[in-house]
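For the protein sequence lines, the chains are A and B, in the order given.
Just so you know, we're using this note's numbering here: the first sequence kicks off at 15 and counts up by one.
Just so you know, we're using this note's numbering here: the second sequence kicks off at 52 and counts up by one.
Shown next, in structure tokens, is the structure this report addresses.
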Amino acid sequence: MVNVLKAPAGVKLALMGNEAIARGLVEAGASVVTGYPGTPSSEVIMTLHEFGAGSEVYVEWAVNERVAFEVAYGASIGGARAAVTMKAPGASVALDPIVSSAYGGVEGGLMVLVADDPGPHTTQTEQDNRWLGFLAKLPLVSPSSPQEAKDLTVSSFDLSERIKLPVILRTTTRVNHSIGEVRLGPIRPPKKASLFKKDIPRFVRAGMLWNLERHKWLNKQLAAVEEVFERVSTVPNTVEGSSELCIVTEGSAYNYVAEAVSELGADVRVVKLTLLYPIPKKFLSKALDRCDKVLVVEELDPYLELVVKSLLAELDARVTVYGKSTGHLPLEGELNRKSVHNAVLTTLLASKVAVSTQSHSVAHQDVRIAPRPPPMCPGCPHRNMYIALLMGIARAGYRRDEVPVFGDIGCYALGVQPPLEAIWTEHSMGASISMAMGLKVAGYDKPVVAVIGDSTFYHAGVQSLVEAVHKQVDVLVVIADNSVVAMTGHQSTPAWSELESGRRSRPVPIESIIRAIGVDYVEVVDPYDIDSSIATFETLLKKPGVKVVISRHPCALMEARLRGVYRRYRVVSDRCVGCLACIRVTGCPAMFFDGSKVKIVEEDCLGCGLCARFCPYKAIEVVKLG
Amino acid sequence: MVKTVNIAIASVGGQGGLTLSRVLAVAAVLDGLSVRTGETLGMAQRYGSVVSYVRIGARVFSPTFSESEGDYLLGLELLETARALRLLKPSGLVIVSDTIRPPVTASLNREVYDKNKLVDYIRSYAETLVVPAQKLATEVGNPRAANMVLLGVFHRHQDLITDTSMRKAISEVVPPKWLESSLRAFELGLSFIEKR
Ligand code: SF4
Ligand code: SF4
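What follows is the structure, encoded as structure tokens:
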């Protein structure tokens, strides 16, 4: 495989948006890159790890997004070029230091990658982080393709250094996770810390007069952004065509516009914005000159729509603006070729007939296909943990529906799928413990349980646990420790002693943190030992105070990859009566019902033995592998 | 000018659908074509329904396409292929592995699928090649290479990507350990003729 980080300038490669951004970071000479894993942003740092950014560059995952941002910010005020990556909700975690950074500003360029997820495909909300520009008062740029993502990464640093502010590179899933052709550019040597000049009014936010002065400085900088952007950005704002029928668009949405306009053969002016904050007013006023109708095509909120409307009002131009507020494009979900095609047709081209969005399959709807939501993997230790927990609740004398299980963010949230349907909430990183506590302090008289993964615990669960201990709340906290950030592609956690980059690290064991916080009980169990797990849950549910169970077994996929699979299970056909107890208890995706018996897909079984434990007919037996 | 070709790849997460779209994208760029793919990534897709989109042409922008726009549907599993049929044009071609993986939700309800019925259903929709991809892949000693068998069959039925680029792309994308068996699986796909 071609090394995307080292390939020479001029070469054209098929790169995923995130690989292109990783290459852009090398081209820009970033010397500190950090972030917290989160789909769809993770592959930027994973690519830097896979292909080795070089010893001059610090590339590491951080414990959470705000720490990541602060690490990168610390580097950049010392003159280094730094970058930080996160998914959409991560920007909210990092918001406090992000907002303050606009007042101190930067020395070395600082790029903040925030990856939004219209759809949503893998995110709890359709948060639109374009508003971050307005909120944090930081320049924000948006690419429409992998090529632009790479080029804009480099330009973000140039803009950031000249304007002395962090620059937000805001992407969406269809850019991060789309492969496209990318022509590589030249590589600059990493720009490391040079000198951190002590400047108290600039970097100490404790002086209110200083803050007021810095706010004035910030507004002055923002006023200069458009002009500097035009000079340094290799991905400009563009206008194609001169028709009075106009489209304003940006990012992924541009792709659907480009194709709709060419396929309709329509004479339409297409205004594509790259700089989304501050609004490039000079450019946009000119670009919208003599527009008669404007269709705004964008994903998530009607952000550009508001911008365009307010600018047109300022210009005193009487123009009809179409978009989300007029119902021509949806306020939720992703856009696609057809929805944009139809919007162009029914607004600018004033056609009454839209292309049908119905497929011609309607007539064929005679085969019912059961849904296939992503389940926990075969052998997943979280499955064992949930089964033990639910059985422990029953053994402690409670009904399943009176002991709320507060979930958290990670693979273990998949425990919500049938047959387990184990968790009652999944909210935000670390919220399981604090929300369980909230219900308890409000007077709920049955036990409450919080289930949180190891990485999520490090990320935001520690403070919640401090709170629960300090306020002496009765809560059972299960830390589902599979020793890795599994959901986003197996990244390191603070428990590791050697990192993806090869760096030696000092493990920070979960036990030490928990003991230091001073919980009432802490037990470590192996969820593969299901019976002792059940007993532990049963005992602890009956005790008062903060009880922590560390349910520890490595991610089954990671374990299989590292150590191989040394045993599998199979169903002995003549013993199986087809009662389905095995599937009803486990929901393991390696098993299926063939009409009379259960079968195990050989290559999928990872040999956890859970199904065998629950077969009343001893029909499932182990097969040892060589 | 090259007309844009739309390919959908339907699979169960973990079956190798992403490798397929990556090989096609690399091959297209080697041939100097424009490409966009749209996919959903992440561990959480494993064992779930996955559709990848690949679009190849002279100048492609959109990473996905809408219903009834697909020229090809490559299916690594019958149920997922049936589910994704809506993406295909009636004049499109389905190339599908005869593998069936009933989802947990079906087994929980004692629902059972009949392979022949599913194949008939898919055939009633568009021209379909049913390939014993799993069996052929097992023959080359790499049961995970069913995707490469399908790629071979696809390669024979398309004239967009050159032979050299397709093979070069496979060797760039597939890890060295699996390369030889993958190329053999590709060969088996290439020479596959459906017997009905
Ligand atoms: S629990 Fe045992 S007997 Fe019942 S369906 Fe499963 S394998 Fe067959
Ligand atoms: S042993 Fe049973 S439950 Fe465990 S992975 Fe294999 S089939 Fe699934």
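Every residue, glycine too, gets a C-beta built ideally from N, C-alpha and C.
All of these numbers come straight from a predicted model, not from anything done at the bench.
Range covered by the beta strand (DSSP E) that runs through residue i
i, result
"P141(B)", "L139 to S148"
"M30(A)", "K26 to M30"
"L343(A)", "Careful: L343(A) lies outside any beta strand (DSSP E) and carries neither H nor E."
"A464(A)", "V463 to G467"
"G89(B)", "S85 to G89"
"T185(A)", "V181 to T186"
"L198(A)", "Neither: L198(A) is in no beta strand (DSSP E) and is coded neither H nor E."
"E254(A)", "T252 to E254"
"I107(B)", "S100 to G108"
"M605(A)", "M605 to F607"
Rounded distance between the beta-carbons of residue j and residue i, thought under 8 Å
i, j, result
"L136(B)", "E120(B)", "With a Cβ gap of about 13 Å, L136(B) and E120(B) do not count as contacting."
"R176(A)", "P433(A)", "Not really, about 58 Å apart at Cβ, beyond 8 Å."
"S13(B)", "R110(B)", "Residue 13(B) lies beyond the residue range present for chain B, which begins at 52 and ends at 247; the question has no answer from this structure."
"T187(A)", "V249(A)", "T187(A) to V249(A), Cβ: 19 Å. No contact."
"V489(A)", "I447(A)", "7 Å"
"M390(A)", "R397(A)", "5 Å"
"I548(A)", "D495(A)", "Contact doesn't hold; Cβ gap of about 18 Å is too wide."
"I151(B)", "L180(B)", "So it is not a contact: roughly 16 Å between Cβ atoms."
"L349(A)", "Y270(A)", "6 Å"
"E346(A)", "F112(B)", "E346(A) to F112(B), Cβ: 23 Å. No contact."
"A42(A)", "T137(A)", "Contact flag wrong, Cβ pair sits at about 27 Å."
Selected residue, minimal CA-CA separation from residue i, among the options
i, options, result
"R627(A)", "F607(A), A604(A), C596(A) and G640(A)", "C596(A)"
"L241(B)", "V155(B), G192(B), F205(B) and L125(B)", "F205(B)"
"Y412(A)", "D142(A), S174(A) and L555(A)", "L555(A)"
"V126(A)", "A44(A), P200(A) and T550(A)", "A44(A)"
"I437(A)", "A456(A), T361(A), G457(A) and I401(A)", "I401(A)"
"G516(A)", "L259(A), I528(A), H63(A) and G457(A)", "H63(A)"
"H567(A)", "Y426(A), K211(A), Y583(A) and K295(A)", "Y426(A)"
"L453(A)", "S519(A), I466(A), L594(A) and E416(A)", "E416(A)"
"A76(A)", "L109(A), L318(A), S497(A) and P508(A)", "P508(A)"
Enclosing alpha helix (DSSP H) for residue i [first to last residue]
i, result
"A474(A)", "A474(A) -> no alpha helix (DSSP H), and no H or E assigned at all."
"W438(A)", "Careful: W438(A) lies outside any alpha helix (DSSP H) and carries neither H nor E."
"G192(B)", "G192(B) -> no alpha helix (DSSP H), and no H or E assigned at all."
"F210(A)", "Note, F210(A): premise wrong, no alpha helix (DSSP H); not H, not E."
"W145(A)", "W145 to A150"
"M15(A)", "Unbroken run through M15(A): none, as it is neither H nor E."
"T360(A)", "R351 to T360"
"A177(A)", "Position check: residue 177(A) holds Ile in this sequence, whereas Ala was assumed. Looking at the DSSP string, the run of the alpha helix (DSSP H) that includes I177(A) is P160 to I177."
DSSP-derived helix/strand/coil call for residue i
i, result
"C569(A)", "coil"
"M125(A)", "strand"
"V376(A)", "Annotation note: pLDDT 45 at V376(A) (below 50); position unreliable, coordinate value reported separately. Three-state result, V376(A): helix."
"N57(B)", "strand"
"C260(A)", "strand"
"D618(A)", "coil"
"S90(A)", "helix"
"K561(A)", "strand"
"T53(A)", "coil"
"T248(A)", "coil"
"G104(A)", "helix"
"Q66(B)", "coil"
"V200(B)", "helix"
"I151(B)", "coil"
"A96(A)", "strand"
"M501(A)", "coil"
"T48(A)", "strand"
"R219(A)", "coil"
Any C-beta of chain B within less than 8 Å: which residues of the stretch 583-616 of chain A qualify?
L594, I597, R598, G601, C602, P603, M605, F606, F607, D608, G609, V612 and V615
Between the stretch 87-119 of chain B and chain A, which residues of the former have CB atoms less than 7 Å from a CB of the latter, in chain order?
R87, T88, G89, E90, T91, L92, G93, M94, A95, Q96, R97, Y98, G99, S100, F112, S113, P114, T115, F116, S117, E118 and S119
Select from the stretch 336-349 of chain A all residues with a C-beta closer than 9 Å to any C-beta belonging to chain B, and list them in chain order.
E348
Mind checking the stretch 145-161 of chain B against chain A and listing, in chain order, the residues whose C-beta falls within less than 8 Å of any C-beta there?
R152, P153, P154, V155, T156, A157, S158, L159, N160 and R161
Chain-ordered residues of the stretch 205-227 of chain B with a beta carbon less than 8 Å from chain A
E223 and V224
Taking Cβ-Cβ distances below 7 Å as the criterion, which residues of the stretch 181-201 of chain A are in contact with chain B?
R188, H191, S192, I193, G194 and E195
Near-chain B residues of the stretch 269-301 of chain A (beta-carbon distance less than 8 Å), N- to C-terminal order:
N269, Y270, A272 and E273
Relative to chain A, which residues along the stretch 57-73 of chain B have a C-beta separation below 9 Å, given in chain order?
V63, G64, G65, S72 and R73
Give, in chain order, every residue of the stretch 20-52 of chain A whose Cβ lies closer than 7 Å to some Cβ of chain B.
K26, L27 and A28
Along the stretch 108-137 of chain A, what residues have a CB closer than 8 Å to any CB found in chain B?
H135 and T136
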